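Heads up, the final residue of the sequence shown is numbered 115 in numbering that gives the first Met the number 0, and it's a clean run with no missing numbers.
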Amino acid sequence: MRIETKIKERADIEQIERIQKLLETGSSDLVRNAVSLFAWAVEESLAGRRVGSMDAAGTRVREVVNPLLDRARRTATYNLEPEGFAFVQRLITRPPEPTDALRALMGADAAGMEAS
Numbered sequence: 000m001r002i003e004t005k006i007k008e009r010a011d012i013e014q015i016e017r018i019q020k021l022l023e024t025g026s027s028d029l030v031r032n033a034v035s036l037f038a039w040a041v042e043e044s045l046a047g048r049r050v051g052s053m054d055a056a057g058t059r060v061r062e063v064v065n066p067l068l069d070r071a072r073r074t075a076t077y078n079l080e081p082e083g084f085a086f087v088q089r090l091i092t093r094p095p096e097p098t099d100a101l102r103a104l105m106g107a108d109a110a111g112m113e114a115s
């Protein structure tokens with residue numbers, strides 16, 4: 000397959016040139032890798048997952064914001080086994096009592112909820 004495109008935005012051109020220089024690669028290799036990475040991101044989004052990056056310490060996460068990935072995520076379907084569906088039904092019909100930690104976080108509101 001041959002793909003041709005015109006990139007007019009100077010910032011986009013500079014970004015592509017910077018990546019090519021940094022990685023010492025050509026346009027075809029860059030596009031193949033970009034498509035491969037994006038295909039993975041789409042598959043993750045279709046599975047209902049979020050795509051992002053994590054810092055080396057594992058303490059900060061940045062989510063990828065992209066309209067096409069958002070569209071894929073919106074089309075995601077979720078399949079539950081019968082046991083999973085029954086579990087969700089139980090949670091909806093008989094939600095668990097709030098934990099002490101949740102009550103502490105809610106403060107005075109928790110006392111008002113218990114009274115009703």
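Glycine is no exception: its CB is placed at the ideal position from the N, C-alpha and C atoms.
Note that the coordinates shown come from a computational prediction; the quantities given were computed from them, not determined experimentally.
- Message: Tell me the rounded alpha-carbon separation between residue 73 and residue 65.
- Response: 12 angstroms
- Task: Would you mind sorting residue 90 into buried or exposed? The rule is 16 or more other CB atoms within 10 Å of its CB.
- Result: exposed
- Item | Any 3 or more C-beta pairs closer than 8 angstroms across the region 72-87 and the region 42-59 | yes
- Query: How big is the Cα-Cα spacing for residue 95 and residue 102?
  - Reply: 13 angstroms
- Answer with buried or exposed for residue 26, where buried requires no fewer than 16 other C-beta atoms within 10 angstroms of its C-beta. exposed
- Message: Taking the straight line between their C-alpha atoms, what separation do you get for residue 19 and residue 13?
- Response: 10 angstroms
- Message: If you reduce the DSSP assignment to three classes, tell me which class residue 34 lands in.
- Response: helix
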